[in-house]
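If you use full-length UniProt numbering, the sequence shown corresponds to residues 1 to 164, in order.
Working notes, structure below.
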Amino acid sequence: MPRDKKLNELSTGNLMKLKIISAICHDPDLLILDEPTSGLDPVIRDEIIGFLFDYIKDGDKTILFSSHILSDIEKIADYIIYIHEGRVILYDEKDALIEKYGILKTSEENLKNYGDFILKTRKNKYSTEALIKNVQVFKEFYPNEVVDRANVEDIMIFLSRGGQ
């Protein structure tokens with residue numbers, strides 16, 4: 001942080017760092033941050049996420065972190081609440097969420113074989129993708145199918161925009 005600059009001369013990233021430091025200096029148990037990494041370059045975002053992670057790592061502090069940058073959420077979150085159009089669509093532990101869901105690439109005609117495992121589908125140029133739940137059980141029933149890991153962004157996109 002440059003000491004020789006006035007507040008209005010600070011970069012967006014340094015200004016955000018200063019705001020977070022100002023909020024943390026009171027040592028709150030709960031820190032509420034709305035889009036703290038929005039508009040920042042990846043290096044500064046990573047610094048801020050690292051700083052916030054250090055703040056909560058002992059487990060006695062909590063950060064309520066809202067963001068549209070889902071890679072930041074994946075780095076720091078223990079729990080994820082996804083609110084879409086004013087409704088809670090998803091609430092779960094991040095690690096459990098990532099373990100539960102997967103993406104299956106298949107033909108449209110094969111979809112009917114997978115029944116209740118399919119949550120949402122979307123068609124691409126060469127295949128159909130399906131968001132499936134209960135990945136481990138699915139793999140037991142269909143061991144020859146390849147299921148890609150779904151990240152938080154994949155899950156949210158499927159749940160809010162996926163086809164069926």
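From the three backbone atoms N, C-alpha and C, an ideal C-beta is built for every residue, glycine too.
In this structure, Lys105 and Phe158 do not form a Cβ contact; the two beta carbons are roughly 13 Å apart against a cut-off of 8 Å. Put simply, the stretch 111-128 does not touch the stretch 86-99. Fewer than three CB pairs are less than 8 Å apart. Straight across, the Cα-Cα distance linking Ile155 with Ile21 is about 33 Å.
The Cβ-Cβ distance between Ile132 and Ile118 falls below 8 Å. Judged by pairs of C-beta atoms under 8 Å, the stretch 3-11 does not touch the stretch 28-37, as fewer than three such pairs exist.
Just measuring C-alpha positions, the residue of Asp78, Val147 and Ile44 sitting nearest Tyr101 is Val147. According to DSSP, Ala130 shares a beta bridge with Leu104 and Thr121. One Cα belongs to Val43, the other to Leu111, and the distance between them is close to 42 Å. A residue is called buried once 16 or more other Cβ atoms fall within 10 Å of its Cβ, and Ala130 is buried on that count. In this structure, the CA atom of Ser11 is about 26 Å from the CA atom of Glu74.
For Glu140, the uninterrupted alpha helix (DSSP H) segment begins and ends at Val135 to Phe141.
By the Cβ neighbour-count rule, Phe65 is buried, with 16 or more other Cβ atoms within 10 Å of its own.
Bridge partners of Val88 according to DSSP: Ile83.
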